[in-house]
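**Q**
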Amino acid sequence: MIKLKSALATLALAGSIAAVSAPAMARDTVNIVGSSTVYPFATVVAERFGRNTDFPTPKLESTGSGGGLKLFCAGIGTQHPDITNASRRMKKSEFELCQSNGVKEITEVKIGSDGIVIANSKKAEKMDLTLEQIFLALAKEVPDPKGGDKLVANPYKNWSDIDAGLPNKPISVMGPPPTSGTRDAFVEIAMEGGCKKYDFIAKIKGEDKSKYKSICHSMREDGPFIEAGENDNLIVQRLAQDTDTLGIFGYSFLMENEGQIQASTVNGVEPTPDTIAAEEYPVARSLFFYVKKAHVGVVPGIQEYVQEFTTEGAWGDNGYLVDVGLIPNPRDVRMQTAKNVKELKAMTGQEL
Amino acid sequence: MTDQRSQAEIVRQSLKRRYRKERRFRFYGIAAIGVALLSLVILFTDIIGKGYTGFIKTTITLDVVLDGEVMYLQDAADPEQLDMADFQAPIIRALQQYFPEAQDRRDVRELSRLAGSYASNQVRDLLKAQPELLGTTQTLEFLAHDSVSVYVKHADNPSYSIRLSEQQQRWVDQLVADGVIDTAFNDVLFSRGDSREPSNAGILGAIVGSLLTMVVTLVIAFPVGVAAAIYLEEFAPQNRITDFIEVNINNLAAVPSIIFGLLGLAVFIGLFGMPRSVPVVGGLVLALMTLPTIIISSRAAIKSVPPSIREAAEGIGASKMQVVLHHVLPLAMPGMLTGSIIGMAQALGETAPLLLIGMVAFIVEVPDGFFSSATVLPVQIYLWAGSAEQGFVELASAGIMVLLTFLISMNALAIWLRKRLERRW
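Going line by line, the protein sequences match chains V and R. Per our numbering, the very first residue in the first sequence carries number 24; after that it's consecutive. Per our numbering, the very first residue in the second sequence carries number 5; after that it's consecutive.
1) In chain order, which alpha helix (DSSP H) runs of at least 4 residues are fully inside the segment 31 to 113 of chain R?
2) Distance check for Glu398/R and Lys169/V, CA to CA, integer angstroms please.
3) Any Cβ of chain R within less than 9 Å of the Cβ of Leu120/V?
4) Phe64/V to Val347/V, Cα distance in whole Å?
5) Say whether chain R places a C-beta atom closer than 9 Å to the C-beta of Pro79/V.
6) Quick check on DSSP: helix, strand or coil for Gly395/R?
7) Does Leu375/V come out as helix, strand or coil in the three-state DSSP assignment?
8) Closer than 9 Å, CB to CB, is Leu92/V near chain R or not?
9) For the segment 196 to 215 of chain R, which residues have a beta carbon sitting closer than 7 Å to at least one beta carbon of chain V?
10) Answer with yes or no whether the minimum CB distance from Met278/V to chain R is below 9 Å.
11) Could you check if Lys146/V is buried or exposed, using at least 16 other CB atoms within 10 Å of its CB as the buried criterion?
12) Establish whether the CB of Asp267/V and some CB of chain R are separated by less than 9 Å.
13) Using 8 Å as the cut-off, can you tell me whether the segment 139 to 154 of chain R makes contact with the segment 61 to 74 of chain R, which would need three or more C-beta pairs spanning the two stretches below that distance?
14) Between which two residues does the alpha helix (DSSP H) harbouring Val220/R extend?
15) For Val56/V, which of Gly73/V, Ala49/V, Thr86/V has the nearest alpha-carbon?
16) Can you pull the chain R residues whose beta carbon is under 7 Å from the beta carbon of Met52/V, in chain order?
17) Would DSSP call Ile320/R helix, strand or coil?
18) Looking only at its chain, what residues have a beta carbon closer than 8 Å to the beta carbon of Leu387/R, apart from the 5 residues adjacent to it on each side?
19) Would you decide whether Tyr377/V is buried or exposed? Buried here means 16 or more other CB atoms lie within 10 Å of its CB.
20) Within the continuous beta strand (DSSP E) that includes Asp51/V, where are the two ends?
21) If we cut at 9 Å on Cβ distances, does Asn252/R have a partner in chain V?
22) Return the bridge partner residues of Pro104/V from the DSSP annotation.
23) Since Ser275/V meets chain R, which of its residues come closer than 8 Å, beta carbon to beta carbon?
24) By DSSP's criteria, Gly270/V is part of a beta bridge. Which residues make up the other side?
25) What is the DSSP secondary structure of Arg354/V, reduced to helix, strand or coil?
26) Strictly under 9 Å for the Cβ-Cβ distance: is Phe366/R near chain V by that measure?
27) Roughly how many angstroms separate the alpha carbons of Ala45/V and Pro279/R, rounded to a whole number?
28) What does the Cβ neighbour count give for Trp420/R, buried or exposed, with the cut at 16 atoms within 10 Å?
29) Using the Cα positions of Arg314/R and Met337/R, report the straight-line distance between them to the nearest angstrom.
30) Find out if the Cβ-Cβ distance for the pair Val319/V, Pro305/V is shorter than 9 Å.
31) Please work out which residues of its chain come closer than 8 Å, Cβ to Cβ, to Ala47/V, disregarding the five sequence neighbours upstream and downstream, and give them in chain order.
32) Taking contact to mean at least 3 C-beta pairs separated by less than 8 Å, is the segment 239 to 248 of chain V in contact with the segment 111 to 130 of chain V?
33) Determine, for Gly89/V, whether the minimum Cβ-Cβ distance to residues of chain R falls below 9 Å.
34) Can you name, in chain order, every residue of its own chain whose Cβ lies under 7 Å from the Cβ of Ser144/V, other than the five neighbours on each side?
35) Are any of the Cβ atoms in chain V nearer than 9 Å to that of Val271/R?
36) Taking only beta carbons into account, state which residues of the segment 321 to 340 of chain V come closer than 8 Å to chain R, listed in chain order.
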């Protein structure tokens, strides 16, 4: 009988827990969602912010850029996030979604850049690649090597098949899965960059955009491109063991493992903080976060967190974010952004 | 006659072959166990080999002169002055006592990077709590910087790259020889929440989050599961509707866990407006996921109670409810508990459904209730395994060991309960 009574008691407790959860509770912790690329930078800022102020440490979810913007634009109210990180700029359609859900005033903050590197083990030969070679090595369909404006299934097996100057080794590249922002950026910058060098493909862009996209954005599926998990660390560890394989990942992982791996040059440019910031290294992208103005003053700490992020001590040339791999914006851009942030200048939608 | 003899002959002849067959069959079984054990051993050696260093922290103990002039601090009780003071300076001074030659900016910068990033916060917090200590000399134990920690623990391991300059390495070697830099049991791991600095990161937040989530799961899934099982087994009429329910319960047990996450997102967060990342929602989702397991195992346990017990109870005039509550339920309880604990252990190791309801998040504060943001053990391991900093590799493996300890103790509890409560007839 005792067992039954305790069972009933627990059931009642469960009921009361469910009843307590009235919608839209007040919240004292800043909620941040978004890109997994910005996540390592944002978490460092959040932790410092939590330790150095009396505000609680913001909560960060790594949802991917697209997922983050979707949550962010879902509406106003404490059940929705206050800030979203993105490893690309907000799209026009996302801005409109925000507007239609009542998220009218959004402040955009460009925090810096991040490079995507193609690296291999230090024990292997350093590679010098061009965007075109990257495209030929990894695309599903490539222009017929015999000539003519025709696409054929990718025939290249060894790097030397593409260019005699490249090593006579099988093409084997590990990269992130399609859910990853790094993959999106790699496909959009590196693959498309190499792809549109072919005039007949560039011509397709004007005629049939989706066909152009499927040509330039499709990675080959016959083996040489290996889809690793979201975990860039795993790619790095595999590279150290398997000297014939290259890996695609964010610059911060290269920095952390410089003892074991080396980056290939792309179009003759070595990925370094300077070349990435100056946009000389071609496979780089800007990182952003977006602030919901309507939540400022409702959830404590939003403005203070944003200010912490935009101090010189954090995102400046010698700031602590540089230690974790952020490539800072030029100083004048930083100053202008910091000013906009202070005023919480809202986006108009025209800039997108 | 000849026929019979030949049959005996056939049997005799085939005897050898049959024995061989049986030996082979046994060998297959042993080989299968061997493969399973071998992979387990490989898994454990890998995890323990990588992870045992996660339980070691590197400390740096310094005699810090809390000199107000060095820190630009006249009155430690004044919060405004505390905000403006330089708490890194006394730490650098303390290190310079060992290396007086480090005076130019670059050297000082390198020197100051031997102590962990939050060493200055430690000084500040100390002075904030005890302003009267200003001007005194205190022996303080700081966490060493992560790159120092990697160097001290893994200097001879080629899979780690050392990120200290040669000068810093020389300094660290000397400080280790002097006993200033030392290693100790990593109590930080069990007393703090997550951090982006491996040496400051702890798993306590995840442990508490897991416990809170499991409490919610247990409180909901166990009574509901048992009630459903009792009704279906003892009271429900045998008809198409109960058949239909049974098929569905069995189906639910095989549904991928991520689907339950989607359901939780749509119903608990979308419809009921519950907050994201909280143990209540996580517990509810995991409860839904565990329910089929509990119902199925509870029904099996009830089924295994011999009908003679029911008949005897009914024979002396017990009502149906009395039969169930006084006789069937106590006898079926060990089986039900075992099933529930195994279901809970499964839920403890789950990450996929929690991804969608926001429990895969960077949360520093240790959760203090069912409605504060929390993460759980497997999620913490997943987050650490994905971080760039080298120190997280060993922490992830250490986290796996903690999770395995929980799982093993839960399974041991299940076995113990079964052994203790089980009745044979």
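Each residue gets a CB set at the ideal place from its N, CA and C atoms; glycine is no exception.
**A** Concretely, from the data shown:
1) Counting whole runs of 4 or more residues, the segment 31 to 113 of chain R contains the alpha helix (DSSP H) stretches 72 to 75, 83 to 88, 92 to 100.
2) Going by the C-alpha atoms only, they are around 51 Å apart.
3) Chain R places no beta carbon closer than 9 Å to that of Leu120/V, leaving this residue out of the contacts.
4) One C-alpha to the other measures close to 7 Å.
5) Judged by the 9 Å Cβ criterion, Pro79/V is in contact with chain R.
6) Helix.
7) Looking at Leu375/V - three-state DSSP - the assignment turns out to be coil, as it is neither helix nor strand.
8) Closer than 9 Å: no.
9) Taking 7 Å as the Cβ-Cβ cut-off against chain V, the residues of the segment 196 to 215 of chain R that qualify are Ser199, Arg200.
10) True, the Cβ-Cβ gap to chain R drops below 9 Å.
11) Under this definition Lys146/V is an exposed residue.
12) Chain R, which has no Cβ nearer than 9 Å to the Cβ of Asp267/V, makes this no.
13) Contact between the segment 139 to 154 of chain R and the segment 61 to 74 of chain R is present, because at least three Cβ pairs lie under 8 Å.
14) Segment 208 to 234, the alpha helix (DSSP H) holding Val220/R.
15) Ranking the options by Cα distance to Val56/V, first place goes to Thr86/V.
16) One detail in the question is off: residue 52/V reads as Thr in this sequence, not Met. Simply Ser377.
17) Coil at Ile320/R, not helix or strand.
18) For Leu387/R, where only same-chain residues beyond five positions count, the Cβ hits under 8 Å are Asp198, Val364, Phe366, Thr379.
19) For residue 377/V there is no data in the structure shown, the boundaries of chain V being 24 and 375.
20) It is not in any beta strand (DSSP E) - Asp51/V carries neither H nor E in the DSSP assignment.
21) With 9 Å as the cut-off, Asn252/R does not count as an interface residue toward chain V.
22) In the DSSP output, where bridge partners are listed per residue, Pro104/V has none listed.
23) Per Cβ cutoff of 8 Å: Ala392.
24) The partner list for Gly270/V (beta bridge, DSSP) reads Ala142/V, Met197/V.
25) Three-state result, Arg354/V: helix.
26) Phe366/R counts as touching chain V.
27) With a pLDDT of 41 at Ala45/V, under the threshold of 50, the modelled position of this residue cannot be trusted; read the value that follows with caution. Between Ala45/V and Pro279/R, the alpha-carbon positions lie close to 10 Å from each other.
28) When all chains shown are included, Trp420/R counts as exposed.
29) If you draw a straight line from the Cα of Arg314/R to the Cα of Met337/R, it is about 15 Å long.
30) Judged by beta-carbon spacing, Pro305/V lies beyond the 9 Å limit of Val319/V, meaning their Cβ atoms are not closer than that value.
31) In this prediction, Ala47/V has a pLDDT of 48, which is less than 50 and means its spatial position is unreliable; nothing more can be read from the coordinates.
32) Below 8 Å, too few C-beta pairs join the segment 239 to 248 of chain V and the segment 111 to 130 of chain V to call them touching: fewer than three.
33) It does not: the Cβ of Gly89/V has no partner Cβ on chain R nearer than 9 Å.
34) The residues Leu262, Ala263, Thr266, Gln283, Ile284, in chain order, have a CB closer than 7 Å to that of Ser144/V in the same chain once the five nearest residues on each side in sequence are set aside.
35) It does not: the Cβ of Val271/R has no partner Cβ on chain V nearer than 9 Å.
36) For the segment 321 to 340 of chain V, which is checked against every Cβ of chain R, not one residue is closer than 8 Å.
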